[in-house]
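Single-structure report; data block below.
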Amino acid sequence: MNEQVDLMREREYPMLKDEIYLDHAGTTLYAKSLMERFATEMISNLYGNPHSASPSSQASTARIDDVRIRVLEFFNADPVDFDVVFVANATAGIKVVMDAFRSRDGGFTYGYHSDSHTSLVGVRETAAESFCLGSSNVEAIISGSLPFFNGGGDGRLALFAYPAQSNMNGRRLPLHWTGQLRTASEGTSKIYTLLDAAALVSTSKLDLSDVQNAPDFTVLSFNKIFGFPDLGALIVRRDSADVLQGRKYFGGGTVETVACIKEQWHEPKVENIHASLEDGTLPMHNIMALGIAMDVHKELYTSMDRISEHTLSLAQKLYSNLRLLKHANGADVCRLYVRDANSFEDNSTQGPIVTFNLMDSHGAWVSNTEVEKLATPKPSTSRHGRSGETSPQVTDAAATTT
Numbered sequence: 001m002n003e004q005v006d007l008m009r010e011r012e013y014p015m016l017k018d019e020i021y022l023d024h025a026g027t028t029l030y031a032k033s034l035m036e037r038f039a040t041e042m043i044s045n046l047y048g049n050p051h052s053a054s055p056s057s058q059a060s061t062a063r064i065d066d067v068r069i070r071v072l073e074f075f076n077a078d079p080v081d082f083d084v085v086f087v088a089n090a091t092a093g094i095k096v097v098m099d100a101f102r103s104r105d106g107g108f109t110y111g112y113h114s115d116s117h118t119s120l121v122g123v124r125e126t127a128a129e130s131f132c133l134g135s136s137n138v139e140a141i142i143s144g145s146l147p148f149f150n151g152g153g154d155g156r157l158a159l160f161a162y163p164a165q166s167n168m169n170g171r172r173l174p175l176h177w178t179g180q181l182r183t184a185s186e187g188t189s190k191i192y193t194l195l196d197a198a199a200l201v202s203t204s205k206l207d208l209s210d211v212q213n214a215p216d217f218t219v220l221s222f223n224k225i226f227g228f229p230d231l232g233a234l235i236v237r238r239d240s241a242d243v244l245q246g247r248k249y250f251g252g253g254t255v256e257t258v259a260c261i262k263e264q265w266h267e268p269k270v271e272n273i274h275a276s277l278e279d280g281t282l283p284m285h286n287i288m289a290l291g292i293a294m295d296v297h298k299e300l301y302t303s304m305d306r307i308s309e310h311t312l313s314l315a316q317k318l319y320s321n322l323r324l325l326k327h328a329n330g331a332d333v334c335r336l337y338v339r340d341a342n343s344f345e346d347n348s349t350q351g352p353i354v355t356f357n358l359m360d361s362h363g364a365w366v367s368n369t370e371v372e373k374l375a376t377p378k379p380s381t382s383r384h385g386r387s388g389e390t391s392p393q394v395t396d397a398a399a400t401t402t
């Protein structure tokens, strides 16, 4: 396996020569063959704006439609039950959902998990009522022992958002919560679910084949899986799509007709979900690159299961070796924020992220700026400082590697 990895690194990732790259949680690296195939595709074909009927436009439309279906297949999502809305990144997908919910009369009640990335936390600023929940709170809501609404929520829309994997420590939260919350809210004000899958899908499979228990809305960024292109997706459960149709903004190809002189009205597109939510001209070249990226990814790695197994093994080895680091006086060099090495044996509860603080021989924190200075003499890339989410136990000196 190590020999195969070394050969692949040399052939597909020449930019890594003499480099150490430890920020796959930020973005993974693109393969050489992906970029070469994309360049060949672009110089060999003529693709036009998909909002017309010319041959080049129709060629673009056909490719976009094909990639849209392939994205659903990648996540085992039946096109009968789901649709894909292409967006800039996971954060942009979150904003599409947020805009629809805040456009509703009476606003919405919003709950988010304490492990949430700031992109999910920021939604609270537009909600009529919001609160942060720990895992025990979520379980209590599911069991019925804790109400989701603090009061005054009768008839108001409700949205609960959480990350499939924590950016901070790699903890993976239960994917079955989405179906359980749907069942728990039957007969009352429905609780919609928004899953931030961006961190999870970088190294693990996301299976949406069980439509009854799938999230209503799932957001992700493809650059975290393939390195390129810079593109995201909002995957919408069709049974939950109606709630997204209430947003006030419209633009580009999301409308059939607009009147703005004597009268002010517009007729939105309604033939499918994505047509009414994808504002303006689609990033068609990025979408075409995505199709190539999925092909190359399968050829190089065969499956997400293989990637998951390999990355968890690396994380476990890193964790074990960091624990052994000692100063001359016997004091620990690292404070690690994972329970133990066994955590990396179960990919349903832990992802391949190792988060730690560095300490000096007296137990004082070494700042992230100092860590960056120490790493500078050797060409390396890692993530220092804040993790993008709030945590009461980790200081600004935290470093995250994956």
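FYI, our numbering numbers position 269 of the sequence shown as 269, with every residue one higher than the one before it.
Even for Gly, the Cβ is constructed at its ideal location relative to N, Cα and C.
Here the structure is a predicted model, which means the values were calculated and not measured.
Any chain D beta carbon closer than 7 Å to residue i
i, result
"SER348", "Among the chains of the structure shown, chain D does not appear; only one protein chain is present."
Cutoff 6 Å; reference residue i; Cβ partners in own chain excluding five residues on either side
i, result
"ASP115", "PRO163 and SER166"
"PHE344", "LEU312, ALA315, GLN316 and GLN350"
"VAL97", "LEU194 and PHE217"
"ASN223", "THR27 and ASP230"
"THR390", "Note that THR390 scores a pLDDT of 45, beneath 50, so its modelled location is shaky; the value from the coordinates is reported in the next line. The answer is none, since no qualifying residue turns up."
"PHE75", "LEU206 and LEU208"
"ASN89", "SER221 and GLY232"
"GLY107", "ALA128"
"PRO392", "Bear in mind that a pLDDT of 39 at PRO392, under 50, signals an unreliable position, so the number given afterwards is only what the model happens to contain. Nothing meets the Cβ criterion."
Three-way DSSP call (helix, strand, coil) for residue i in this model
i, result
"VAL421", "The structure shown does not extend to residue 421, since the chain is modelled only from 1 to 402, so the question has no answer here."
"TYR47", "coil"
"PHE75", "coil"
"VAL211", "helix"
"THR355", "strand"
"VAL85", "strand"
"THR183", "helix"
"GLU278", "coil"
"VAL97", "helix"
"ILE141", "helix"
"LEU194", "strand"
"ARG124", "helix"
"GLY26", "coil"
"SER57", "helix"
"SER391", "Residue placement at SER391 is poorly supported in this model, since its pLDDT is 44, which falls under 50; the coordinates are not used for a value here."
"ASP242", "helix"
"SER136", "helix"
Residue interval of the alpha helix (DSSP H) (run including residue i)
i, result
"PHE38", "32 to 44"
"HIS297", "284 to 301"
"SER308", "304 to 324"
"ILE225", "223 to 226"
"THR369", "368 to 375"
"ASP6", "2 to 12"
For residue i, the first and last residue of its enclosing beta strand (DSSP E)
i, result
"PRO163", "157 to 163"
"ALA233", "232 to 237"
"GLU129", "129 to 133"
"LEU22", "20 to 22"
"THR404", "Nothing in the structure corresponds to residue 404, since the chain is present only between 1 and 402."
"HIS176", "Premise fails: HIS176 is in no beta strand (DSSP E) and is neither H nor E."
"HIS113", "108 to 113"
Option nearest residue i by Cα separation, candidates the options
i, options, result
"SER204", "PHE356, GLY363 and SER308", "SER308"
"ARG182", "ARG247, ALA197, ASP196 and GLN212", "GLN212"
"THR40", "ALA289, LEU318 and ALA128", "ALA289"
"PHE101", "ASN368, ASP83, ASN347 and GLU129", "GLU129"
"HIS362", "ASP340, LEU300, ALA331 and GLY227", "ALA331"
"GLY122", "LYS95, TYR47 and GLY144", "LYS95"
"ASP279", "GLN4, ARG247 and VAL333", "ARG247"
"PRO215", "TYR13, ASP6, ASN2 and PHE82", "PHE82"
"SER103", "LEU244, GLU19, GLY134 and PHE160", "LEU244"
"GLY179", "GLY134, ARG237 and PRO147", "ARG237"
"ALA161", "LEU374, GLY134 and PRO147", "GLY134"
"ASP196", "THR381, SER119 and LEU22", "SER119"
"HIS51", "THR281, SER382 and ARG306", "THR281"
"THR126", "GLU139, ASN137, ASP105 and LEU72", "ASP105"
Assumed close pair residue i, residue j - CB separation to whole angstroms, cut-off 8 Å
i, j, result
"HIS113", "LEU173", "7 Å"
"VAL201", "ILE225", "6 Å"
"VAL84", "LEU277", "So it is not a contact: roughly 10 Å between Cβ atoms."
"GLY111", "VAL219", "Between VAL219 and GLY111 the Cβ distance is about 17 Å, and since that is not below 8 Å, they are no contact."
"ALA59", "ASN45", "7 Å"
"ALA25", "ALA184", "With 8 Å as the limit, ALA25 and ALA184 do not qualify as a contact, their Cβ atoms being about 32 Å apart."
"ARG335", "ASN357", "4 Å"
Other residues of its chain near residue i: CB distance less than 7 Å, five sequence neighbours each side excluded
i, result
"ARG360", "The residue asked about is misnamed: residue 360 is Asp in this sequence, not Arg. VAL366."
"ASN169", "TYR337, VAL338, ILE353 and THR355"
"ALA341", "GLN316, TYR319 and SER320"
"TYR21", "LEU29 and THR381"
"LYS326", "ASP332 and VAL333"
"ASP239", "none"
Cβ-based neighbour list, residue i, same chain, cut-off 8 Å, excluding 5 preceding and 5 following
i, result
"GLY291", "ARG63, ASP66, VAL67 and ARG70"
"VAL296", "ALA31, SER33, LEU34, ARG37 and PHE226"
"MET8", "LEU300"
"PHE149", "THR109, GLU129, ARG156, ALA158 and SER189"
"LEU16", "ARG9 and LEU29"
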